[in-house]
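Chemist:
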Amino acid sequence: MKTIGLMGGSFNPAHKGHRAISLFAMDSLGLDAYWWMVSPGNPLKPQSDMAPLPARMASAKAQAKRTPIKVTAIEQALGTVYTAETLKKLVARYPKTKFIWIMGADNLLQFQYWRRWRDIARLMPIAVIARPSYNPHVVAGPAMAWFRRFVRRSDQRHHWTKWSTPALVFLRFRPDPRSATALRHADPYWFHRYKELGTRDGVTRNIML
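Rendered as structure tokens:
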């Protein structure tokens, strides 16, 4: 059975920090593949400085070169807005694949604001990339109060395909100072580099123009 890590995000733009974290998670969890699910729009983020989806896809493809990472806008193809809806459809569409949801500690900090977040936890295991600056707040957060009894030991992470859900595991990763926000501030019109380029979706094979 194939194992795939899923990481959603705006990738506005994608950067080397995304790549480093993803390759680390692939190795830590023994994954066959890793999907970057580039969101058409994040309900929890302002849309005013969001670059066009094709440009964000192209920046992600550039960062994913020569890796097992596949860049996809599958939410657009599925017609879903919220992560819980997307993951439910993916599980149904790929019954012979084991998925694990991967996110940063900053996302866990606001996880209780995600629509049907407990349903996400019941659909598949969750791996959280631990970032020291967020950890004290995450441990004391509302979502973690619910997750606490479902936390698995990190030294058991290679057995995640056998876990019953909900299940959450923390993966310790060295801090990475790079951020999409800082990159946008340094180059607000970064997406112009990709304006004339089309890119093929790594999963659906659609061309993004």
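The working numbering puts the first residue of the sequence shown at 3, with every later residue one more than the last.
Just so you know, even glycine gets a beta-carbon here, dropped at the ideal spot from N, CA and C.
Here the structure is a predicted model, which means the values were calculated and not measured.
(1) Can you tell me which of Ile102, His17 and Ala27 puts its alpha carbon nearest to the alpha carbon of Ser61?
(2) Return the CA-CA distance between Met210 and Ile104, expressed in angstroms with no decimal places.
(3) Bridge partners of Leu170, per DSSP?
(4) Just reading off the beta strand (DSSP E) that Met105 is part of, what are its end residues?
(5) Going by C-alpha distance, which of Leu173, Arg58 and Phe152 is nearest Arg159?
(6) Give a yes or no on contact between the segment 35-45 and the segment 77-84, applying the rule of three or more CB pairs nearer than 8 Å.
(7) Determine the direct distance from the alpha carbon of Ala107 to that of Ile122, and round the result to whole angstroms.
(8) Between the Cα of Ile6 and the Cα atoms of Val73, Leu55 and Phe175, which residue gives the shortest distance?
(9) Does the beta carbon of Gly43 sit closer than 8 Å to a beta carbon anywhere in chain D?
(10) Among Gln114, Asp203, Lys4 and Tyr96, whose alpha-carbon lies nearest the alpha-carbon of Ala147?
(11) Who pairs with Val73 in a beta bridge, going by DSSP?
(12) For Ile6, list the residues DSSP reports as bridge partners.
(13) From the DSSP output, which residues share a beta bridge with Ile122?
(14) Return the CA-CA distance between Ser154 and Thr82, expressed in angstroms with no decimal places.
(15) Which residues does DSSP list as the beta-bridge partners of Gly11?
(16) Measuring straight from C-alpha to C-alpha, what distance separates Phe149 and Asp29?
(17) Looking at Leu8 and the ligand COA, is the gap between the Cβ and the nearest heavy atom below 7 Å?
(18) Can you give me the start and stop residues for the alpha helix (DSSP H) that Lys67 sits inside?
Modeler: Quick answer:
(1) Ser61 has its Cα closest to that of His17, out of Ile102, His17 and Ala27.
(2) Answer to the nearest angstrom: the Cα atoms are 25 Å apart.
(3) According to DSSP, Leu170 bridges with Ile128 and Val153.
(4) Per DSSP, Met105 belongs to the beta strand (DSSP E) from Thr99 to Gly106.
(5) Nearest option by C-alpha distance: Leu173.
(6) Between the segment 35-45 and the segment 77-84 there are three or more inter-stretch CB-CB distances shorter than 8 Å, so the stretches are counted as touching.
(7) Each residue's CA atom was taken as its position, placing Ile122 and Ala107 some 16 Å apart.
(8) Comparing Cα-Cα distances from Ile6 to each of Val73, Leu55 and Phe175, the minimum goes to Val73.
(9) Absence of chain D from the displayed structure is noted, only one protein chain being present.
(10) When the alpha-carbon of Ala147 is set against those of Gln114, Asp203, Lys4 and Tyr96, the nearest one is in Gln114.
(11) Trp38.
(12) The partner list for Ile6 (beta bridge, DSSP) reads Ala35 and Phe101.
(13) Answer by DSSP bridge pairing: none, since Ile122 is not bridged.
(14) Looking at the sequence provided, one finds Arg at residue 154 rather than Ser. Taking C-alpha positions only, Arg154 is separated from Thr82 by approximately 30 Å.
(15) As computed with DSSP, Gly11 is found in a beta bridge with Val40.
(16) Rounded to whole angstroms, Phe149 to Asp29 spans 24 Å at the Cα level.
(17) Within the structure as shown, the ligand COA is missing, as the structure has no ligands at all.
(18) Run containing Lys67: none; DSSP gives neither H nor E here.
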